[in-house]
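Convert by adding 590 to the 1-based position in the sequence shown; the result is the number in my numbering. Don't be surprised by glycine CBs; every beta carbon is placed ideally from N, CA and C.
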Amino acid sequence: MRATMSATAAWKALQDDPILRASYVKTRGKGGFVRATWEEANEIIGAANAYTAKTYGPDRVFGFSPIPAMSMVSYAAGARYLSLLGGTVMSFYDWYCDLPPASPMTWGEQTDVPESADWYNAGYLLIWGSNVPQTRTPDAHFYTEVRYKGTKSAVISPDYSEAAKFGDIWLNPKAGTDSALSMAMGHVILREFHLDRQAPYFEDYTRKYSDFPMLVCLEEKDGKYVPGRFLRADDLQGKLGQKNNPEWKTIAWDSKSNSLVVPNGTIGFRWGEDGEWNLEERAKGKDTELKLSFIQEEDHDDVAEVNFPYFGGQATDNFVKCDHPDVLTHNIPVKRIKSGKKEIVVATMFDLFCASYGLDRGLGGEWATDDYSKDIPYTPAWAEKITGVPAEKIETVAREFALNAEKTEGRSMVILGAGLNHWYHMDMNYRGIINMLVMCGCVGKSGGGWSHYVGQEKLRPQTGWTPLCFALDWNRPPRHMNSTSAWYAHTDQWRYEQIDVKEILSPTAPKGDWDASLIDYNVRAERMGWLPSAPQL
591 MRATMSATAA
601 WKALQDDPIL
611 RASYVKTRGK
621 GGFVRATWEE
631 ANEIIGAANA
641 YTAKTYGPDR
651 VFGFSPIPAM
661 SMVSYAAGAR
671 YLSLLGGTVM
681 SFYDWYCDLP
691 PASPMTWGEQ
701 TDVPESADWY
711 NAGYLLIWGS
721 NVPQTRTPDA
731 HFYTEVRYKG
741 TKSAVISPDY
751 SEAAKFGDIW
761 LNPKAGTDSA
771 LSMAMGHVIL
781 REFHLDRQAP
791 YFEDYTRKYS
801 DFPMLVCLEE
811 KDGKYVPGRF
821 LRADDLQGKL
831 GQKNNPEWKT
841 IAWDSKSNSL
851 VVPNGTIGFR
861 WGEDGEWNLE
871 ERAKGKDTEL
881 KLSFIQEEDH
891 DDVAEVNFPY
901 FGGQATDNFV
911 KCDHPDVLTH
921 NIPVKRIKSG
931 KKEIVVATMF
941 DLFCASYGLD
951 RGLGGEWATD
961 DYSKDIPYTP
971 AWAEKITGVP
981 AEKIETVARE
991 FALNAEKTEG
1001 RSMVILGAGL
1011 NHWYHMDMNY
1021 RGIINMLVMC
1031 GCVGKSGGGW
1041 SHYVGQEKLR
1051 PQTGWTPLCF
1061 ALDWNRPPRH
1071 MNSTSAWYAH
1081 TDQWRYEQID
1091 VKEILSPTAP
1101 KGDWDASLID
1111 YNVRAERMGW
1121 LPSAPQL
């Protein structure tokens, strides 16, 4: 006989009695499942959720499911239930390291990549940390078939995987050293296609669609400079005539007018003037040609010493230590811009970018070179020490990848996935590759760019499915929470954290209070609205 016919009252009695509650809580994780009917399970779950919502608030009821593409009906059923209840729908893609954080870091979006059929349009395929025949079996035919059209395939994988046997060349770096490999490839591409010879397509693409021409403020530190933030219209007297969101509009130097301009398309134009939220080469209705570099003598006012952080000198149990200082100084061509009584020292993003790759451009410096065989970050010889991949192979793949992109106007593609992403500092693995794609003009091109996947993520009817899934027909906005922060905070993982902020702090970081723990920074981000926060304490 039931003591009560109210399931919620029964659950309340269980929770209010410390002895009864302890009797089932302490047995968790020990197995001993008891067979139950669906009706019993639903009643217990419903009673527990109702009790929690009444006692503590509905945002204390959390729900988690893997990616919706595994079953849109299953996912929507649970998410709609939670949303109607006022509960918290947890994120999935980021929680189990399938979301590459380099994507929102670079573009502000979440892996907006092409469907697998676009592999067939590629002229050169770089399969990097992704075993297509095994983990993407239904789509693997696109990979094998495109080779009949003459597309070359290079496979990068520590083991001789199923994908490697389809490759024309196989590079097997030591596991976890992918960022060193991509930086060395970027070194080769910049040297041969941007400096020694300016590939017209690459130059045109990066000027129009990348931040290479944007001006970066240099900040003085210890008698030298460090790269700061982008120069913005708000920094200048008169704000270059920008009245709407000037603090969100970046600045470049226009070759045609030989002056500073606010190019179309930066985020400040998103909610502003009609007709300027685009990537046309225009500023204030006039055609522009943004300058990528101040390297020519007539273009710069001075050559400044700029410090860059270097993390390859840290010894670990798993990676080769490189004997280089943790701060590398490079010589950068700069302009000095007057704004009222203050002077702002600026460099183009491209000039800083080339310096960060250790490329000698005739300005001297201990950590710049035009010799691939020198052990200077980030040459092929330097990468060989870390990755184990011969420098000649690094040069070959980088050169072929870029040459194909130049001839096909961007149809070089990288297929990459969990093999790269399930690593500490995985953003560095990805960003090194993204840099290659940007400097080769591949992003946004059919048959080019990056194709990240860790399973099936795309939902064809997503727009119509979303109101059903998150109960937008009843209430909005739904209560969403990023799982990484939630589990870290609410399962007390932060109490056992052994990494502090100083361990990952850049040696060029400004002086400040860096003694806080990682949970402190997560809390600060929630308070400032950068991260969601649930439950709302």
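Per-residue burial, residue i [other beta carbons within 10 Å of its own, 16 or more giving buried]
i	result
Glu974	buried
Ala631	exposed
Gln832	buried
Asn848	exposed
Met591	The predicted model places Met591 with a pLDDT of 47, which falls under 50 and marks its position as unreliable, so this point remains unresolved.
Leu918	buried
His890	buried
Asp892	exposed
Ile635	exposed
Tyr1020	buried
Val624	exposed
Met1118	exposed
Asp907	exposed
Trp861	exposed
Glu985	buried
Pro967	buried
Boundaries of the beta strand (DSSP E) in which residue i is found, first to last residue
i	result
Leu850	849-851
Asp892	892-899
Phe820	814-820
Trp760	759-761
Val806	805-811
Lys742	742-746
Ser1041	1039-1043
For residue i, three-class secondary structure by DSSP
i	result
Leu918	strand
Leu953	coil
Tyr686	coil
Trp843	strand
Pro1136	It is not possible to answer for residue 1136, since the shown part of the chain is limited to 591 through 1127.
Ile609	helix
Asp877	strand
Ala937	strand
Val1004	strand
Lys932	strand
Arg781	helix
Gly653	strand
His1012	coil
Arg872	strand
Continuous alpha helix (DSSP H) stretch holding residue i: start and end
i	result
Trp1055	1052-1059
Leu716	Looking at the DSSP string, Leu716 is not in any alpha helix (DSSP H); the run it does join, the beta strand (DSSP E), is 714-718.
Tyr795	790-799
Lys997	981-998
Thr565	Only positions 591 to 1127 of the chain appear in this structure, which leaves residue 565 out of reach.
Met1026	1016-1029
Met680	No alpha helix (DSSP H) holds Met680; the beta strand (DSSP E) holding it covers 678-680.
Trp628	628-646
Ala1099	Taken as a continuous stretch (DSSP letters only), Ala1099 belongs to no alpha helix (DSSP H), as it is neither H nor E.
Pro1068	Looking at the DSSP string, Pro1068 is not in any alpha helix (DSSP H), and its letter there is neither H nor E.
Contact belief for residue i with residue j at Cβ below 8 Å, rounded distance in angstroms
i	j	result
Ala1079	Pro1068	Their Cβ separation, rounded to whole angstroms, is 20 Å, which puts Ala1079 and Pro1068 out of contact at 8 Å.
Ile657	Gly1045	7 Å
Trp718	Ile1005	7 Å
Trp1104	Leu674	Going by Cβ atoms, the distance from Trp1104 to Leu674 rounds to 44 Å, so no, they are not a contact pair.
Cys807	Ile934	6 Å
Leu949	Leu780	6 Å
Pair within 8 Å by beta-carbon distance, residue i and residue j
i	j	result
Thr1074	Asp825	no
Phe898	Asp941	no
Phe991	Cys944	no
Tyr665	Ser655	yes
Asp965	Trp972	yes
His777	Thr969	yes
Ile759	Val910	no
Leu1159	Lys983	Because the chain is modelled from 591 through 1127, residue 1159 falls outside the range shown and cannot be assessed.
Lys846	Thr878	yes
Ile746	Pro723	no
Trp709	Phe732	yes
Phe652	Met680	yes
Trp1084	Leu1121	no
Val936	Leu805	yes
Met773	Gly955	no
Thr701	His1015	no
Arg1001	Asn639	no
Gly766	Trp1013	yes
Arg797	Pro803	yes
Leu882	Thr938	yes
Minimum Cβ-Cβ distance from residue i to chain C less than 8 Å
i	result
Lys1035	As a matter of chain content, chain C is missing from the structure shown, which is built from one protein chain.
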